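J.: First the structure, then my questions, so here it is.
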Amino acid sequence: MEQPTNNQQCTHCGFSNQPGSLYCSRCGQWLSSWRPIQTIEPIPPPPVEARQAVPLPPATTPRTNSLAVAGFISGLAGFFIFGVALGPLAVVLGVVALSQIRKSGDSHSGKGFAIAAIVVGALAFFGALAVLIWYIPLQLLGFSL
Ligand SMILES: [Zn+2]
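With our numbering as the guide, the letters of the sequence shown map in order to residues 961 to 1105.
Take a look at the structure:
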């Protein structure tokens, strides 16, 4: 192992320092090519999170409650045929659908369908009932509609 034998002459004040000196013992100037090892490199700023705050779609996409739709369709059909039977069916389906929607939170949508099923079903039922109330006596009396 050979130490550098030449004296380290200070470029700042000209003082001849001991070989191997890192800095001038008189003025403190750093000698030769030695540099204080800057281990502290400029730390790059942490990478900006690529993840942006995009709201993820809910795990369960809201879907229209099928019972509510079925009830609504039953209620609509009840306006034309079998209103006495389809009307109550629509109301029951709408009520069940509403309770399902209420229990499951937001996982089921179609609350409007469920309410519409109840309303339409009730209208179809009472409409059909009114027709029957008029229709049956008229039939009994021999009238044909
Ligand atoms: Zn010096």
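Using N, Cα and C, we set each Cβ at its ideal position, and we do this for glycine too.
From a predicted model like this one, the values you see are computed outputs, not experimental measurements.
Closest by CA to residue 988, which one among 1093, 1037, 1026, 970?
T.: The residue labelled residue 988 in the question sits at position 28 within the sequence shown. Answer by Cα proximity: 970.
J.: Using 6 Å as the cut-off, classify the Cβ of residue 969 as near or not near the heavy atoms of ligand 1, replying yes or no.
T.: Numbered from its first residue, the sequence shown carries residue 969 at position 9. No, since every heavy atom of ligand 1 falls outside the 6 Å radius drawn around the Cβ of residue 969.
J.: In this structure, what does DSSP give as the bridge partners for residue 976?
T.: Position 16 of the sequence shown holds residue 976. Residue 976 is bridged to 969.
J.: Going by the C-beta, is residue 978 closer than 6 Å to any heavy atom of ligand 1?
T.: What you label residue 978 is simply residue 18 of the sequence shown in a count that begins at 1. No.
J.: Which whole-angstrom value describes the C-beta separation of residue 1050 and residue 1061, a residue pair presumed to lie in contact below a C-beta threshold of 8 Å?
T.: To locate residue 1050, count along the sequence shown from 1; it is residue 90. To locate residue 1061, count along the sequence shown from 1; it is residue 101. At roughly 16 Å, the Cβ-Cβ gap does not stay under 8 Å, so residue 1050 and residue 1061 are not in contact.
J.: So what's residue 1069 in DSSP terms, helix, strand or just coil?
T.: Position 109 of the sequence shown, counted from the first residue, corresponds to residue 1069. Strand, per DSSP.
J.: Might you give, ordered along the chain, the residues of its own chain that have their beta carbon closer than 6 Å to the beta carbon of residue 1100, omitting 5 neighbours on each side?
T.: As a working note, residue 1100 is residue 140 in the sequence shown. There are no such residues.
J.: Considering only their Cβ atoms, is the gap separating residue 1053 from residue 1030 smaller than 7 Å?
T.: As a position in the sequence shown, residue 1030 is number 70, starting the count at 1. As a position in the sequence shown, residue 1053 is number 93, starting the count at 1. Result yes, Cβ atoms of residue 1030 and residue 1053 sit closer than 7 Å.
J.: Locate the alpha helix (DSSP H) running through residue 1040, then write down its first and last residues.
T.: Locating residue 1040 in the sequence shown gives position 80, where the first residue counts as 1. No alpha helix (DSSP H) contains residue 1040, which DSSP labels as neither H nor E.
J.: Give the C-beta separation of residue 1077 and residue 1042 to the nearest angstrom, bearing in mind that I take them to be a contact with Cβ-Cβ under 8 Å.
T.: On the sequence shown, position 117 is the one that residue 1077 refers to. On the sequence shown, position 82 is the one that residue 1042 refers to. With a Cβ gap of about 15 Å, residue 1077 and residue 1042 do not count as contacting.
J.: Once you ignore the five residues that flank residue 1024 on each side, which residues in its own chain have a CB closer than 7 Å to its CB?
T.: Counted from its first residue, the sequence shown places residue 1024 at position 64. The answer, listed in chain order, is 1069, 1070, 1073.
J.: In angstroms with no decimal places, state the Cα-to-Cα distance between residue 976 and residue 986.
T.: Within the sequence shown, the letter at position 16 stands for residue 976. Within the sequence shown, the letter at position 26 stands for residue 986. Distance between the alpha carbons of residue 976 and residue 986 is about 9 Å.
J.: Just tell me which of 1064, 1055, 983, 1091 has its CA closest to the CA of residue 1039.
T.: Locating residue 1039 in the sequence shown gives position 79, counting from the first residue. When only C-alpha atoms are compared, the closest one is 1091.
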